[in-house]
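Be aware that the sequence shown starts at 9, since it is given in the working numbering, and climbs by one per residue. Working notes, beginning with the structure itself.
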Amino acid sequence: MSVNGVIFNIQRFSVNDGPGIRTTVFMKGCHLGCGWCHNPEGRLFPPFGLNNEVIGRTVETEELFTEIEKDRVFYEESGGGVTFSGGEPLAQPEFLKRILKKCSESGIPAAIDTSGYAHKTLFKQILPFTGLFLYDIKLADPVQHLKYTGVSNTEILENLDFLLNKDANVIIRIPMIPEITATGDNIGSIIKLLGKYPVKPEINLLPFHKIAENKYKKFGIINIMAGIKKLPETEMQEYRNLFESNGFKTKIGG
Ligand code: SF4
């Protein structure tokens, strides 16, 4: 049975969304509102236009699978696969479940790039079909999390706990936003939070950059990060060393 969903991009030959060569499918809609979002045009739930431009298109899972399968040879040669990103892929649960199952049955490894903000039942349902979770942790403090993303992190941390206790393959991704997420307090709290698990997940520190600036202008979205500068390379290295010294395999970038 095919299910309809809304996507706003398919990016082939991605190398930053999991191992090997990947096809990244950007799914529309996200319940969070991070000021540093690189895909602000993909956050709004469909159908929705910005500045008279319709963002996203409806696809059936069968049609999407045909697109994904075109690069099977590259996945096999490189150890890659498909990554569902967004927006938030879990915000279209039936569509995501169907396409993940289809990929799994067809031997195409699938990853999801998620904020973790979804009902735990959904994580339980997709776990058997998801080879890798690229799981964002932004702020350890729930009040700060609410302030900067619009939602509390309680559910996000509970879902992470579920996945790590189930030995799911999880890579933690931390957007390093100067003075917001990239602070000694926040990184120290994240290390403490993740340190309690017997198997420490790999950490990816994602540098803040301004590639989305033009999108904010184009779509008339207020860019609260306009005056924020990238974290100096030395500071990124210091945070990386801090994670490493606490036993986490860590890299800068996704
Ligand atoms: S969770 Fe990701 S997609 Fe959603 S608003 Fe934040 S950065 Fe953007």
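Where a beta carbon is used, it is the ideal one built from N, C-alpha and C, also for glycine.
### Task
Identify every residue that forms a DSSP beta bridge with Tyr143.
Working through the sequence shown from its first residue, we reach residue 143 at position 135. Thr122, Ile180.
### Query
Does DSSP put Arg65 in a helix, a strand or coil?
Translated into positions along the sequence shown, residue 65 becomes position 57. Strand, per DSSP.
### Query
In chain order, what residues of the same chain lie with their CB nearer than 8 Å to the CB of Thr122, ignoring the 5 residues before and after it?
Locating residue 122 in the sequence shown gives position 114, where the first residue counts as 1. The answer, listed in chain order, is Glu96, Pro97, Leu98, Phe141, Leu142, Tyr143, Asp144.
### Task
Could you check what DSSP says for Phe53 in three-state terms: helix, strand or coil?
Start at 1 with the first residue of the sequence shown, and residue 53 comes out as number 45. In this structure, Phe53 counts as coil in the three-state DSSP scheme.
### Message
Give me the residue from Ser160, Leu147, Ser112 with the minimum Cα distance to Ile188.
### Response
Numbered from 1 along the sequence shown, position 180 holds the residue referred to as residue 188. For Ile188, the closest alpha carbon among the candidates Ser160, Leu147, Ser112 is that of Leu147.
### Which listed residue (Lys105, Ile120, Ser10) has its alpha carbon closest to that of Val33
Along the sequence shown, read from residue 1 onward, the residue named residue 33 stands at position 25. The candidate whose alpha carbon is nearest that of Val33 is Ile120.
### Task
Mind checking who Thr32 pairs with in its DSSP beta bridge?
One-based indexing of the sequence shown puts residue 32 at position 24. BP columns for Thr32 point to Gln19, Thr91.
### Task
Determine the closest residue to Asn12 out of Pro101, Glu163, Arg80, with distance taken between C-alpha atoms.
Locating residue 12 in the sequence shown gives position 4, counting from the first residue. Of the candidates Pro101, Glu163, Arg80, the one whose C-alpha sits nearest the C-alpha of Asn12 is Pro101.
### Which listed residue (Ile107, His127, Gly124, Ser160) has its alpha carbon closest to that of Ala118
The count along the sequence shown starts at 1 and reaches residue 118 at position 110. Ranking Ile107, His127, Gly124, Ser160 by Cα distance to Ala118 puts Ile107 first.
### Query
How about Arg51: is its Cβ closer than 6 Å to a heavy atom in the ligand NAP?
The ligand NAP is not part of the structure shown, which contains the ligand SF4 as its ligands.
### Query
Looking at Phe82 and Ser112, is the spacing between their C-beta atoms short of 7 Å?
As a first step, residue 112 must be located in the sequence shown, where it is residue number 104. As a first step, residue 82 must be located in the sequence shown, where it is residue number 74. No, the pair does not count as a contact, with Cβ atoms beyond the cut-off.
#### Entry: the region 159-172 touching the region 123-131, judged by at least three CB pairs closer than 8 Å
yes
### Task
In the DSSP assignment, find the alpha helix (DSSP H) that holds Glu113 and state where it starts and stops.
Along the sequence shown, read from residue 1 onward, the residue named residue 113 stands at position 105. First-last of the alpha helix (DSSP H) with Glu113: 101-113.
### Message
Could you check whether the Cβ of Cys111 sits closer than 6 Å to any heavy atom belonging to the ligand SF4?
### Response
Along the sequence shown, read from residue 1 onward, the residue named residue 111 stands at position 103. False, no ligand heavy atom lies under 6 Å from that Cβ.
### Task
Check whether the Cβ atoms of Gly64 and Val14 lie closer than 7 Å to each other.
As a first step, residue 64 must be located in the sequence shown, where it is residue number 56. As a first step, residue 14 must be located in the sequence shown, where it is residue number 6. The answer is yes: Cβ separation under 7 Å.
### Message
Count Cβ pairs between the region 207-217 and the region 162-182 that sit closer than 8 Å; are there 3 or more?
### Response
Yes, since at least three Cβ pairs between the region 207-217 and the region 162-182 fall closer than 8 Å, the two stretches touch.
### Task
Measuring alpha carbon to alpha carbon, tell me which of Lys237, Gly262, Thr91 ends up nearest Pro217.
Here residue 217 refers to the residue found at position 209 when the sequence shown is read from its first residue. It should be pointed out that residue 217 corresponds to His in this sequence rather than to Pro. It is Lys237.
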